[in-house]
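Participant: Before I ask anything, here is the structure I am working with.
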Amino acid sequence: MSLTLEPPIRQEFEYPAPAQTGAVIDRPLPLAERLWQYGALRKSLLLIVLALVWELAARWTNNDLLLPGFLQTARAFADGIASGELIEKVGLSLAVLVQGYAAGIAAAFVLTTLAVSTRIGRDLLETLVAMLNPLPAIALLPLAMLWFGLGKASLVFVIVHAVLWPLALGAYAGFQSVPETLRMAGRNYGLRGLRFVLQILIPAALPSIVAGLKIGWAFAWRTLIAAELVFGASSGKGGLGWYIFQNRNELYTDKVFAGLAAVILIGLLVDNVVFNVLERTTVRRWGMAK
Amino acid sequence: MAQPFQVVRPPAAVEPLLRAQDVTLEYRSGARTVRATDSVSFDVYKGDRFVLLGPSGCGKSSLLKAAGGFLAPAAGSITVNGARVTEPGPDRVAVFQEFDQLPPWKTVRQNVMFPLLASKRLKRKEAEERAAHWIGKVGLSRFADAYPHTLSGGMKQRVAIARALAMQPDILLMDEPFAALDALTRRNMQEELGLLWEETRFTLLFVTHSIEEALVLGNRILLLSPHPGRVRAEINSHQFGLHSGGSADFQATAQRIHGLLFGGSEPQAEPERIAL
């Protein structure tokens, strides 16, 4: 049996406190890697590739009536903008959309406020969402036309339906997930009722509310275009959906594509500019979302 | 052994700031009602650092919530300055353990100003001045415009403390505010809270499950036994500070509390030492 200790006892050390040296602790990544970090750059590259594939496919089919190419569509789009026709249609569509969207948000606010303050309100919200959320807004259009006639009121009605349920569901889930300590802190300072909702619940639930707004926006936009395809004719002057439908009837396929491109572009613009800015200045700045 | 000290009885004229009388607290858990505390009474005087100490399930946090007005007693009453506590109010400001007590959408400065404005105590200008004062007191002046998610846990708790003290409440309620911090930060925070008290002599009701923290921070400790919470003892600890951690007297008192809480009358083989 050996007498050596295991582990051995070693000498103690004390070093002088390190002085601030000029050693580099963090350094930038190489340029190529930094550029690749930009999502917008990567996505633009993808778009260029897709446009190229489209143009090649169009040249290969060589049939303007069925598949106009990227360049032809771009020209039709530019003409539409230049003549003001496309801009006018987009303006008409957006005007209706904003009204329906705002009304939907207001209705969702009332419904969720009711739901967070009373149990019967909660039951009401859960039941209504379960019933009506799966119902496509466009399926209500025939009914809306019966009730409100062939006009803006019918469009607003179906847009409200498209916005209300996903937004109410998102906002309600957001309110539910507000931490108990934050609620207690708010009540501690004497916040009650509407002030409590406005100063604690809504900002705390903002990530879910913004998500609901985004889903609501997408639903509203596609519902509106679809609804315009159905009855733009009778209401006299239709919006973007009617522009697409009319040009298909007249076999201006390049204009149909230009109309579709406008639908997509506006969708992208709102998502990447409006909602992106909203998220950057609120929830991401506050560290509530990545 | 503990050195003898003279017990000074509060003169009859001095009324306690907070008086809990036979407080029984119950909470609903599914289909059952669970009794958290059973007929607990204690008095907190102005300038006290009163600690509620006990193991999990002794109802100490529930008592604090009841004092805050977040929980209504099933029996008994809690009064502050003679008025019965019925709802939360800015005269009793709470600091919780959880970091999410700070609204993440407000900067440090806005967080400290928030209760001053929400309770309509001060105008914006005065609230700004007072917030700056207290943010300086907790050493966060450089971070006044930072959002909470960029701060460390200890800094977040400092903001919560500054926010509470800026309100100049009658009584400050703290529910294990340092329990989620690492040991080194916790010790720093205990020291800073002690210094703040030296300076402003606020009244503190403090909940903890650490015997050492209770001895170091408090001047009077209410020991609670669990299931349901009942008063086991009320002892003095004003003679201990952060630097009495190693003293024999401190160890003996810690042992005594340990014995009272866990029933073991025989001295423990290994004294419980929580990192200090």
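Residue numbers (our numbering), protein chains in the order written: chain U, 2 to 291; chain Z, 126 to 401.
The C-beta atom is built at its ideal place from N, Cα and C for all residues, glycine as well.
1) To which residues does DSSP link Thr333(Z) through a beta bridge?
2) Quick check: Leu329(Z) and Asp173(Z), are their CB atoms within less than 8 Å of each other?
3) Judging by CA-CA distance, which residue of Thr62(U), Phe110(U) and Ala205(U) is the nearest neighbour of Val284(U)?
4) Helix, strand or coil for Val271(U)? Go by DSSP, reduced to three states.
5) Consider the Cβ of Pro353(Z): report whether some Cβ of chain U lies at a distance smaller than 8 Å.
6) Does DSSP put Ser235(U) in a helix, a strand or coil?
7) Using only the alpha-carbon positions, how far apart do Leu51(U) and Lys44(U) sit?
8) At 3 residues or longer, and completely inside the region 282-310 of chain Z: list those beta strand (DSSP E) runs for me, N to C.
9) Should Ala96(U) go down as buried or exposed, given a rule of 16 or more other Cβ atoms within 10 Å for buried?
10) Please report how far the alpha carbon of Ile210(U) lies from the alpha carbon of Arg28(U), in whole angstroms.
11) Among Glu253(Z), Glu254(Z), Val284(Z) and Arg255(Z), which one has its Cα closest to the Cα of Phe268(Z)?
12) Applying a beta-carbon distance threshold of less than 8 Å, which residues of chain U neighbour Ser244(Z)?
13) Using beta carbons (cut-off 8 Å, strictly below), is Leu183(U) in contact with chain Z?
14) Is Asn236(Z) near Pro273(Z), with beta carbons less than 8 Å apart?
15) Roughly how far, in whole angstroms, is the beta-carbon of Ile245(U) from the beta-carbon of Gly268(U), given that I think they are within contact range, below 8 Å?
16) Would you kindly check if the distance between the Cβ of Leu297(Z) and the Cβ of Leu290(Z) is under 8 Å?
17) Closer than 8 Å, CB to CB, is Asp163(Z) near chain U or not?
18) Among Leu30(U), Val99(U) and Thr128(U), which has the Cα closest to the Cα of Trp218(U)?
19) Between Gly264(Z), Ser350(Z), Asn344(Z) and Asn361(Z), which lies nearest to Met314(Z) when the distance is taken from Cα to Cα?
20) Using 8 Å as the threshold, is the region 163-170 of chain Z in touch with the region 144-151 of chain Z, meaning 3 or more CB pairs across them?
21) How should Ala140(U) be labelled, buried or exposed, when 16 other C-beta atoms within 10 angstroms of its C-beta is the threshold for buried?
22) Buried or exposed: which applies to Gln12(U), given that a residue is buried once 16 or more other Cβ atoms fall within 10 Å of its Cβ?
23) Just the Cα atoms here: how many angstroms apart are Arg193(U) and Ser372(Z)?
24) Assign Ser235(U) to buried or exposed, taking buried as 16 or more other Cβ atoms, counted over all protein chains shown, within 10 Å of its Cβ.
25) Can you tell which of Gly193(Z), Ser350(Z) and Phe175(Z) has the C-alpha that lies nearest to the C-alpha of Thr162(Z)?
26) Measure from the C-beta of Trp287(U) to each C-beta in chain Z and report whether the shortest distance is under 8 Å.
27) Would Glu223(Z) count as contacting chain U if we go by Cβ distances under 8 Å?
28) Look at Asp255(U) and Ala77(U) and say whether their C-beta atoms are less than 8 Å apart.
29) On the three-state DSSP scale, how would you describe Asp173(Z)?
Facilitator: Straight from the coordinates:
1) Mapped onto the second sequence, residue 333(Z) falls at position 208. Its beta-bridge partners are Leu178(Z).
2) To locate residue 329(Z), count along the second sequence from 1; it is residue 204. To locate residue 173(Z), count along the second sequence from 1; it is residue 48. Yes. Within cutoff.
3) Your numbering for residue 284(U) matches position 283 in the first sequence. Residue Ala205(U) is the option with its Cα nearest to Val284(U).
4) In the first sequence, residue 271(U) corresponds to position 270, counting from 1. Helix, per DSSP.
5) For the purposes of this step, residue 353(Z) is taken as residue 228 along the second sequence, with counting starting at 1. No, Pro353(Z) does not count as interfacial toward chain U.
6) Taking the first residue of the first sequence as position 1, residue 235(U) is located at position 234. In this prediction, Ser235(U) has a pLDDT of 48, which is less than 50 and means its spatial position is unreliable; what the coordinates show is noted afterwards. DSSP places Ser235(U) in coil when its eight states are reduced to three.
7) Within the first sequence, the letter at position 50 stands for residue 51(U). Within the first sequence, the letter at position 43 stands for residue 44(U). Answer to the nearest angstrom: the Cα atoms are 11 Å apart.
8) 296-300
9) Indexing the first sequence from 1 puts residue 96(U) at position 95. Classification of Ala96(U): exposed, given that the 10 Å Cβ count is below 16.
10) Start at 1 with the first residue of the first sequence, and residue 210(U) comes out as number 209. Start at 1 with the first residue of the first sequence, and residue 28(U) comes out as number 27. So the alpha carbons of these two residues sit roughly 38 Å apart.
11) Numbered from its first residue, the second sequence carries residue 268(Z) at position 143. Here the closest residue by C-alpha is Val284(Z).
12) Reading the second sequence from its first residue, position 119 is the one you call residue 244(Z). Result: Tyr190 and Gly191.
13) Reading the first sequence from its first residue, position 182 is the one you call residue 183(U). For Leu183(U), the answer is yes, since a Cβ of chain Z falls inside 8 Å of its Cβ.
14) Along the second sequence, one-based indexing puts residue 236(Z) at 111. Along the second sequence, one-based indexing puts residue 273(Z) at 148. Contact: yes.
15) Numbered from its first residue, the first sequence carries residue 245(U) at position 244. Numbered from its first residue, the first sequence carries residue 268(U) at position 267. That belief does not hold up - the Cβ atoms of Ile245(U) and Gly268(U) are roughly 14 Å apart, past 8 Å.
16) Locating residue 290(Z) in the second sequence gives position 165, where the first residue counts as 1. Locating residue 297(Z) in the second sequence gives position 172, where the first residue counts as 1. Going by C-beta atoms, Leu290(Z) is nearer than 8 Å to Leu297(Z).
17) Position 38 of the second sequence holds residue 163(Z). Chain U contact via Cβ: absent.
18) Working through the first sequence from its first residue, we reach residue 218(U) at position 217. Ranking Leu30(U), Val99(U) and Thr128(U) by Cα distance to Trp218(U) puts Val99(U) first.
19) Here residue 314(Z) corresponds to residue number 189 of the second sequence, with the count starting at 1. For Met314(Z), the nearest C-alpha among the options comes from Gly264(Z).
20) yes
21) Indexing the first sequence from 1 puts residue 140(U) at position 139. Exposed, because fewer than 16 other Cβ atoms sit within 10 Å of the Cβ of Ala140(U).
22) What you label residue 12(U) is simply residue 11 of the first sequence in a count that begins at 1. Looking at its Cβ environment, which holds fewer than 16 other Cβ atoms inside 10 Å, Gln12(U) is exposed.
23) Along the first sequence, one-based indexing puts residue 193(U) at 192. Along the second sequence, one-based indexing puts residue 372(Z) at 247. Going from the Cα of Arg193(U) to the Cα of Ser372(Z) covers about 49 Å.
24) As a first step, residue 235(U) is located in the first sequence; it is residue number 234 there, counting from the start. For Ser235(U), the predicted structure reports a pLDDT of 48, less than 50, and the residue's modelled location is therefore unreliable. The matter cannot be settled from this model.
25) Here residue 162(Z) corresponds to residue number 37 of the second sequence, with the count starting at 1. The shortest C-alpha separation from Thr162(Z) is found at Ser350(Z).
26) The count along the first sequence starts at 1 and reaches residue 287(U) at position 286. Chain Z contact via Cβ: present.
27) Counting from 1 along the second sequence, the entry for residue 223(Z) is found at position 98. For Glu223(Z), the answer is yes, since a Cβ of chain U falls inside 8 Å of its Cβ.
28) On the first sequence, residue 255(U) is found 254 positions in, with the first residue counted as 1. On the first sequence, residue 77(U) is found 76 positions in, with the first residue counted as 1. Yes, Cβ-Cβ distance for Asp255(U) and Ala77(U) is below 8 Å.
29) The count along the second sequence starts at 1 and reaches residue 173(Z) at position 48. Asp173(Z) falls in the coil class under three-state DSSP.
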